[in-house]
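Asks:
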Amino acid sequence: MADTAQSSSSEILAVANVSVSLSGREILRDVSFRCDAGEFIGLIGSNGAGKTTLFRVIMGLIAPTSGTIRVAGKARSRRNPLIGYVPQKIGLDPDMPIRARDLVGLGIDGHRFGMPRPTAKRNALIDAMLDAVDATSFANARVGNLSGGEQQRIMIAHALISRPSLLLLDEPLANLDIRSEQEVVSLVARVAKVQHVAVLFAAHGMNPLLPVMDRVVYIAGGRVASGNTEDVVTTESLSRLYGRHIDVIRVHDRVLVVAGREDEGLHHAELAAPPGSA
Amino acid sequence: MIPASIGSAIIEPGFFSSAPVQVALVVGAVAAVVSGVVGVFTVARGQSFAGHSLADVGTAGGSAAFLLGISPLFGFVAMNLIAAGVMELIGIRRRRGRDIATGVVLGAALGLAALFLYFDTTSTSTTGATINVLFGSIFTLPSSMVPVIVALSALAIAITLFLYRPLILSSLSPDLAAARGIPLRFVGVGFLAALALAVSLSAITIGAILSTALLIGPAATALRLTKRTGFAVAAAAVIGVGATWLGVVLAYDSYYWTPSHRGWPVSFFVVTVVFVLYLVVNLVATRRASGRRTSAPEAR
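Same order as they appear, the protein sequences are chains A and B.
Quick note, the working numbering runs 831 ahead of the 1-based positions in the first sequence.
Numbering-wise, the working numbering puts 175 at position 185 of the second sequence, and it's gapless, one number per residue.
(1) What would DSSP say about Ala906 (chain A), mapped onto helix, strand or coil?
(2) Please list the partners that Pro156 (chain B) has in chain E, where partner means a Cβ-to-Cβ separation under 9 Å.
(3) Return helix, strand or coil for Asp926 (chain A), following the three-state DSSP convention.
(4) Within the segment 177 to 208 of chain B, note down every full beta strand (DSSP E) run reaching 3 residues or more, in order along the chain.
(5) Would you call the segment 95 to 103 of chain B in contact with the segment 45 to 62 of chain B, where contact means no fewer than 3 C-beta pairs closer than 8 Å?
(6) How is Ser127 (chain B) classed by DSSP in three states: helix, strand or coil?
(7) DSSP state of Arg994 (chain A), grouped into three classes?
(8) Could you have a look at Leu145 (chain B) and say whether DSSP puts it in helix, strand or coil?
(9) If contacts are defined as beta-carbon pairs under 8 Å, then Val264 (chain B) and Leu204 (chain B) qualify, I think. What distance do you get, rounded to the angstrom?
(10) Quick check on Val274 (chain B) - is its C-beta less than 8 Å from some C-beta in chain A?
(11) Hey, does Ser161 (chain B) have any beta-carbon neighbour from chain A nearer than 8 Å?
(12) Can you grab the Cα-Cα spacing for the pair Asn878 (chain A) / His1035 (chain A), in whole Å?
(13) Which residues of the segment 884 to 901 of chain A have a Cβ closer than 9 Å to any Cβ of chain B? Give them in chain order.
(14) If we call anything under 8 Å between Cβ atoms a contact, is Met960 (chain A) one with Ile914 (chain A)?
(15) Give the DSSP-derived three-state secondary structure of Gly898 (chain A) in the structure shown.
(16) Residues of the segment 24 to 36 of chain B in Cβ contact with chain A at a cutoff of 8 Å, in chain order, please.
(17) So does the segment 188 to 197 of chain B actually touch the segment 18 to 31 of chain B, counting three or more Cβ pairs closer than 8 Å?
(18) So, at 6 Å on beta carbons, what are the nonlocal neighbours of Gly881 (chain A) in its own chain, with the 5 sequence-adjacent residues on each side left out?
(19) Relative to the C-alpha of Val802 (chain A), which candidate in A:Asp962, A:Ala847, A:Ala931 and A:Leu956 has its C-alpha closest?
(20) For Asp1110 (chain A), does the count of other Cβ atoms within 10 angstroms reach 16, so buried, or fall short, so exposed?
(21) Using the beta-carbon of each residue, which ones in chain B are nearer than 8 Å to Leu937 (chain A)?
(22) At least one CB of chain A closer than 8 Å to the CB of Asp165 (chain B): is that the case?
(23) Are the C-beta atoms of Leu213 (chain B) and some chain A residue less than 8 Å apart?
(24) Does Glu230 (chain B) come within less than 8 Å of chain A when only Cβ atoms are used?
(25) Could you work out which residues of chain B lie near Met1044 (chain A), taking near to mean beta carbons separated by less than 7 Å?
(26) Run down chain B in chain order and give the residues with a C-beta less than 9 Å from the C-beta of Arg910 (chain A).
(27) Under 8 Å between C-beta atoms, does Asp933 (chain A) make it to chain B?
(28) Please report whether the beta-carbon of Leu874 (chain A) lies at a distance below 8 Å from any beta-carbon of chain B.
(29) Among residues of its own chain, excluding the 5 on either side of Ala845 (chain A), which ones have a beta-carbon nearer than 6 Å to its beta-carbon?
(30) Could you check whether the Cβ of Leu96 (chain B) sits closer than 8 Å to any Cβ belonging to chain A?
(31) So Leu853 (chain A) is in the beta strand (DSSP E); what residue range does that whole segment cover?
(32) Answer yes or no: do Ser161 (chain B) and Met927 (chain A) have a C-beta to C-beta separation smaller than 8 Å?
(33) On the DSSP letters alone, give me the boundaries of the beta strand (DSSP E) that Ile1050 (chain A) sits inside.
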């Protein structure tokens, strides 16, 4: 049965014409993009653009009003072991008595009922995963007492220890300083390459991701534009997406996306705005 | 020799041979273990207010049971389970709605408790019912209740241990737990049921309005002592049992303290021991943490 989808065997995620409405409000409109095995994709958009909703649809927590989503050729379902997920704004409670390594261990079997049964194999798996995300030095600390960047790494280890094919990261760079930002990005890229896992990395800006990103999915107002950065992040493409004039400026190896003035229409028809209106 | 003499100085003669004391030691231990196990997750989930409210809500059930002439335990259990169900229905799942839902149910139940306690005191013309319901009745429990208490305790512990892993994940991050396919509502309702049972059991031990002390105190102390979930659960149970037994001993002793031979209530001693222990551990843990922080640069 799975053989029917063999033609696109390297395709891990296929989002086709997906629209989502939540309590009457349209959050996503006709969203389509794909993600191949081992690809690193930046999901770029501001707050409220629909990034988290998109993740929730992919994970099967929300049903789309229309459109289809296939993960590794199969229709999406709840508790898909092929998907690893790191939620946004982690902020783990310091009151919860649990060590970092125990939380990583719950990545293997945390959804099961009963208490965990530590075995030599389970411990070895945890040690290897902690090592892969450079978290060995704080593996025995209480997870709620770790810094934001350290918690991020533990959550990434939690998501990756069950060897998913697709890793969804929801704004992992929020509230991190620039150095931790770079650390998290290069760490994700490195581990993803080793485990051959595709990454959908949600972020506000694309600059931290430019060195490692294969493709970009730009999301604004519930719609997306996807493809190579050079094609998507252009004045024309982003202006079309936003429905207003957007300037894309490249400075050295960085990209600046600047919104045009409110009254600056798509077609530059009313460039001569009345004085004092800005 | 010396331990024996110290022992006899603390434990008055006839302590262990007294039937009410035997029941009190067993029931107190069982209730303390349940409170410890459930309490760690209550504190970690930030549901201390829900726990305390369930205890207060239970007074309505306990006082109604008195009117009906049955053991207050059944009243506590029935009322707490109903209240937990109502809280869940009106939105305890959402963090913001949680306190409001809890508060609304609490207010309504306390109104009932006021009515039933009024009936209790006017119909029997004693204040015994009120004291029993509010402050516990561990020395007056009939030994026939022990099997029921043990069975309910086993049920509450079984629920908590069954939900163990999903409970940890959903307490840490509901978003993550949902993504892992954990049925958040099922886990939440199950835990609330365990919480209702735990609070009922500690209500008959040290009283409805004090039962939070046994639920939260040992758990909060244990959280300062260890960073591992399993250890915290075990430590909270041990602390709870220790405090309860010490409270029973002191209450028994207190009979001889005053010439009038009026024993002081167990609940007072249990709560005091729990509180003092928490203060001491908190002080030590804070000192140790600040010591570690100042010495950290040298270690590197």
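Where a beta carbon is used, it is the ideal one built from N, C-alpha and C, also for glycine.
Replies: Taking the geometry as given:
(1) Within the first sequence, numbered from 1, the residue matching residue 906 (chain A) stands at position 75. Looking at Ala906 (chain A) - three-state DSSP - the assignment turns out to be strand.
(2) No chain E is present in this structure, whose protein chains are A and B.
(3) Counting from one through the first sequence, the residue named residue 926 (chain A) turns up at place 95. Taken through DSSP and simplified to helix, strand or coil, Asp926 (chain A) comes out as coil.
(4) Scanning the segment 177 to 208 of chain B for uninterrupted beta strand (DSSP E) segments of 3 residues or longer gives nothing; none is fully contained.
(5) In short, these stretches touch, since the Cβ pair count reaches three.
(6) As a working note, residue 127 (chain B) is residue 137 in the second sequence. DSSP, read as helix, strand or coil, puts Ser127 (chain B) in coil.
(7) Here the question's residue 994 (chain A) lines up with position 163 in the first sequence. If DSSP states are grouped into helix, strand and coil, Arg994 (chain A) belongs with coil.
(8) Numbered from 1 along the second sequence, position 155 holds the residue referred to as residue 145 (chain B). Under the three-state reduction of DSSP, Leu145 (chain B) is assigned to helix.
(9) Taking the second sequence and counting its residues from 1, one reaches residue 264 (chain B) at position 274. Taking the second sequence and counting its residues from 1, one reaches residue 204 (chain B) at position 214. That belief holds up - the Cβ atoms of Val264 (chain B) and Leu204 (chain B) are roughly 7 Å apart, short of 8 Å.
(10) Translated into positions along the second sequence, residue 274 (chain B) becomes position 284. No, because no Cβ of chain A sits closer than 8 Å to the Cβ of Val274 (chain B).
(11) One-based indexing of the second sequence puts residue 161 (chain B) at position 171. Yes, Ser161 (chain B) counts as interfacial toward chain A.
(12) Residue 878 (chain A) sits at position 47 when you count from the first residue of the first sequence. Residue 1035 (chain A) sits at position 204 when you count from the first residue of the first sequence. Their Cα atoms are separated by approximately 8 Å.
(13) Taking 9 Å as the Cβ-Cβ cut-off against chain B, the residues of the segment 884 to 901 of chain A that qualify are Phe886, Arg887, Met890, Gly891 and Leu892.
(14) Here the question's residue 960 (chain A) lines up with position 129 in the first sequence. Here the question's residue 914 (chain A) lines up with position 83 in the first sequence. Remark: C-beta atoms of Met960 (chain A) and Ile914 (chain A) do not approach each other more closely than 8 Å.
(15) The residue you call residue 898 (chain A) lines up with position 67 of the first sequence. Three-state result, Gly898 (chain A): strand.
(16) For the segment 24 to 36 of chain B, the set of residues with a beta-carbon nearer than 8 Å to any beta-carbon of chain A comprises Val30, Val33, Ala34 and Gly36, in chain order.
(17) Because the criterion of three Cβ pairs below 8 Å is met, the segment 188 to 197 of chain B and the segment 18 to 31 of chain B touch.
(18) On the first sequence, residue 881 (chain A) is found 50 positions in, with the first residue counted as 1. Excluding sequence positions up to five before and after Gly881 (chain A), its CB lies within less than 6 Å of the CB of Ile858, Leu859, Ile1050 and Gly1053, all in the same chain and listed in chain order.
(19) The first residue shown for chain A is 832 and the last is 1109, placing residue 802 (chain A) beyond what the model contains.
(20) Residue 1110 (chain A) lies beyond the residue range present for chain A, which begins at 832 and ends at 1109; the question has no answer from this structure.
(21) To locate residue 937 (chain A), count along the first sequence from 1; it is residue 106. Residues of chain B passing the Cβ test: Arg155, Ile158 and Leu159.
(22) Locating residue 165 (chain B) in the second sequence gives position 175, where the first residue counts as 1. Chain A contact via Cβ: present.
(23) Locating residue 213 (chain B) in the second sequence gives position 223, where the first residue counts as 1. Yes, contact with chain A.
(24) As a working mapping, residue 230 (chain B) is identified with position 240 in the second sequence. For the sequence presented, residue 230 (chain B) should be read as Gly rather than Glu. Answer no: the Cβ-Cβ gap between Gly230 (chain B) and chain A never drops below 8 Å.
(25) As a position in the first sequence, residue 1044 (chain A) is number 213, starting the count at 1. None at all; the shortest Cβ gap to chain B is about 23 Å.
(26) Numbered from its first residue, the first sequence carries residue 910 (chain A) at position 79. Within chain B, the residues near Arg910 (chain A) are Ala169, Arg170, Gly171 and Ile172.
(27) Counted from its first residue, the first sequence places residue 933 (chain A) at position 102. Taking Cβ atoms only, chain B reaches closer than 8 Å to Asp933 (chain A), which makes this a yes.
(28) The residue labelled residue 874 (chain A) in the question sits at position 43 within the first sequence. Put simply, the CB of Leu874 (chain A) is far from chain B, with every gap to its CB atoms at 8 Å or more.
(29) Against the first sequence, residue 845 (chain A) aligns to sequence position 14. Leaving aside the five residues that flank Ala845 (chain A) on each side, the residues in its chain whose CB is nearer than 6 Å to its CB run, in chain order, Arg865 and Arg901.
(30) Mapped onto the second sequence, residue 96 (chain B) falls at position 106. Residue contact check for Leu96 (chain B) against chain A: no CB pair falls below 8 Å.
(31) Locating residue 853 (chain A) in the first sequence gives position 22, counting from the first residue. Membership of Leu853 (chain A) in the beta strand (DSSP E) is indicated by the continuous run Glu842 to Leu853.
(32) Stepping through the second sequence from its first residue, residue 161 (chain B) is reached at position 171. Stepping through the first sequence from its first residue, residue 927 (chain A) is reached at position 96. Taking 8 Å as the Cβ cut-off, Ser161 (chain B) and Met927 (chain A) qualify as a contacting pair.
(33) As a first step, residue 1050 (chain A) must be located in the first sequence, where it is residue number 219. It spans Arg1046 to Ala1051 - the beta strand (DSSP E) in which Ile1050 (chain A) sits, taken as one unbroken run.
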